[in-house]
Amino acid sequence: MPNTITLTNQQSAVMKTYARFPITMAKGKGSQVWDDKGERYLDFTSGIATCNLGHVPDFVLEKVQQQLSQLWHCSNLYHIPNQEKLAELLIQNSFPGQVFFCNSGTEANEALIKLARKTAEMNGKESRKIITFKQSFHGRTLAALSATGQEKIQKGFSPLVEGFQYLEFNSFEALKELETIDACGVLLELVQGEGGVIPANKEWVLKLADICKSKDLLLMLDEVQTGMGRTGTLFAFEQYNIIPDIVSLAKGLGSGFPIGAIIASNEVSQAFVPGSHGSTFGGNPLATSAGLATVQYIVGKEMAKEAMELGDYLRVKLSELQKEHPKIKEIRGLGLLIGVVLEGSALETVKKLMENKVLALTAGEYVLRILPPLTASKSEVDGFIEALGKSLS
Ligand SMILES: Cc1ncc(COP(=O)(O)O)c(C=O)c1O
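Have a look at this one:
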């Protein structure tokens with residue numbers, strides 16, 4: 015049967031930066047969303063790894079509602095208790111350091127890049143170059159897209175921000191090259207999300223971390239997509255036995271409320287002083303009430319462990335499905351950040367899934383990206399697998 019779903023960018027007064035599916039979302043709860051016609055969908059996109067606790071999670075809703083009636087916004091010229099508490103909670107669960115708050119993943123990476131350059135200046139290091147990797151994705155502002163190792167993201171936006179060099183991801187040859195480059199830091203995703211759900215090789219990461227140490231390069235991780243329990247630990251770096259100098263966060267940090275952050279070691283944090291960086295909205299009382307409740311819930315209820323277990327279950331079910339469907343070429347990922355490499359177009363499969371009332375994503379042309387909420391149930395996974403089986407048939 016030919017597919018009836020077409021993507022359009024011809025809508026309304028909104029700029030055409032997105033090709034949109036013909037669905038208007040009206041309501042969400044847990045793993046379910048309803049469109050404006052009352053049609054229900056199983057949402058295994060989590061708003062692209064953002065609604066990690068499902069839609070409208072009760073605990074976060076309650077805390078945000080309390081804050082809504084108290085104070086929405088005040089500038090960073092004053093103390094913001096939620097911000098302090100959230101920073102402490104992030105530090106307790108990562109590494110000793112300090113936190114800067116902003117509003118998105120891109121902004122978090124902007125802050126990270128600025129902090130890396132400022133640290134180089136503080137330490138009297140000549141080079142401001144940051145090494146990133148091919149197929150990476152770090153965001154859409156000029157510095158973040160310049161850091162991104164994908165020409166299609168950069169096309170048309172020259173001149174790019176100087177000072178980035180892209181190496182081959184997961185390549186030991188590239189590490190040899192790294193040893194010869196004069197730089198101030200390295201930035202990578204431990205699972206390249208947008209680039210095709212490609213987990214970094216553990217040995218490769220350890221070697222990379224060793225080189226960073228010996229060459230005095232900052233080891234910087236973009237955990238915008240991998241963070242907040244998504245990969246089966248609060249931060250993906252826990253599974254790689256490394257401690258970064260700076261890590262960027264966003265997406266799942268606010269359960270859908272816009273918030274981003276960087277965590278930097280105590281030493282590196284010193285490079286930012288009053289006036290170095292800032293944000294009007296960054297870390298405001300409302301955003302940090304969402305962030306605080308989200309992290310309290312993820313840590314308190316051990317949601318990362320749930321993600322690991324449910325991810326294992328989903329992978330087993332996908333492997334069973336693979337036996338019946340040779341179109342499934344490979345299953346990869348970490349925790350509940352899963353990529354299924356298909357023989358044909360992943361977008362066509364997403365459309366077929368949508369006809370079966372299930373939402374999933376692509377990551378590139380051939381990879382189906384599956385991002386269930388960490389709160390999803392095994393029976394919802396079973397429902398997804400059934401729909402995927404039908405969609406592939
Ligand atoms: C790894 C990574 N970094 C940065 C970003 C940009 O985040 P945002 O869209 O919140 O600016 C994304 C978004 O997909 C991402 O996956």
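First residue of the sequence shown? That's 15 in my numbering, and the numbers climb one at a time after it.
Cβ coordinates follow ideal geometry from the N, Cα and C atoms, glycine included.
DSSP beta-bridge partners of residue i
i: ASP236; result: SER262
i: ASP57; result: LEU373
i: SER279; result: GLY111
i: GLU344; result: VAL355
i: TRP48; result: LYS41, ARG54
i: LYS148; result: GLY163
i: PRO213; result: VAL205
i: ILE384; result: ILE352
i: ARG34; result: THR22
Ligand 1 heavy atom lying under 7 Å from the CB of residue i
i: VAL282; result: no
i: GLY153; result: yes
i: GLU208; result: yes
i: ILE260; result: no
i: VAL238; result: yes
i: ALA10; result: Nothing can be reported for residue 10: it is not among the residues displayed for the chain, which extend from 15 to 407.
i: GLU203; result: yes
i: ASN123; result: yes
i: SER160; result: no
i: LYS148; result: no
i: GLY119; result: yes
i: ILE62; result: yes
i: LYS8; result: Residue 8 is absent from the model: the chain starts at 15 and stops at 407.
i: LYS265; result: yes
DSSP-derived helix/strand/coil call for residue i
i: GLN336; result: helix
i: MET29; result: coil
i: LYS43; result: strand
i: PRO16; result: Confidence in PRO16 is poor, its pLDDT being 49 and thus under 50, which makes the residue's placement unreliable; the coordinate value appears in the next sentence. If DSSP states are grouped into helix, strand and coil, PRO16 belongs with coil.
i: VAL70; result: coil
i: PHE295; result: coil
i: CYS116; result: strand
i: GLY397; result: helix
i: GLN179; result: strand
i: VAL78; result: helix
i: LYS143; result: coil
i: GLY199; result: strand
i: ARG154; result: coil
i: PHE3; result: The structure shown does not extend to residue 3, since the chain spans only 15 to 407, so no value can be given for it.
i: ARG244; result: coil
i: THR22; result: strand
i: GLY305; result: helix
i: GLY270; result: coil
i: SER407; result: coil
i: THR389; result: coil
i: GLY314; result: helix
Cβ separation of residue i and residue j, assumed to be a contact under 8 Å, to the nearest whole Å
i: ALA161; j: PHE178; result: 5 Å
i: ALA360; j: TYR380; result: 6 Å
i: ILE277; j: ILE105; result: 7 Å
i: PRO110; j: SER293; result: PRO110 to SER293, Cβ: 24 Å. No contact.
i: GLN206; j: SER150; result: 6 Å
i: VAL313; j: LEU248; result: 7 Å
i: ILE19; j: LYS365; result: 4 Å
i: VAL47; j: MET39; result: 5 Å
i: CYS88; j: ASN298; result: 7 Å
i: LEU306; j: LYS77; result: 7 Å
i: ALA250; j: LEU204; result: 4 Å
The stretch 258–265 / the stretch 227–238 touching (three or more Cβ pairs under 8 Å):
Contact holds between the stretch 258–265 and the stretch 227–238, because three or more Cβ pairs, one in each stretch, are under 8 Å apart.
Is there contact between the stretch 196–208 and the stretch 216–235, where contact requires at least three CB pairs shorter than 8 Å?
In short, these stretches touch, since the Cβ pair count reaches three.
Whether or not the stretch 310–323 and the stretch 205–218 are in contact is what I'm after, with contact meaning three or more pairs of Cβ atoms, one per stretch, closer than 8 Å; do they touch?
Short answer: they don't touch.
Stretch pair the stretch 162–178 + the stretch 98–114: three plus CB contacts closer than 8 Å:
Counting Cβ pairs under 8 Å, fewer than three are found: no touch.
Can at least three beta-carbon pairs, one atom from the stretch 281–291 and one from the stretch 58–77, be found at a separation below 8 Å?
Verdict: no, contact absent.
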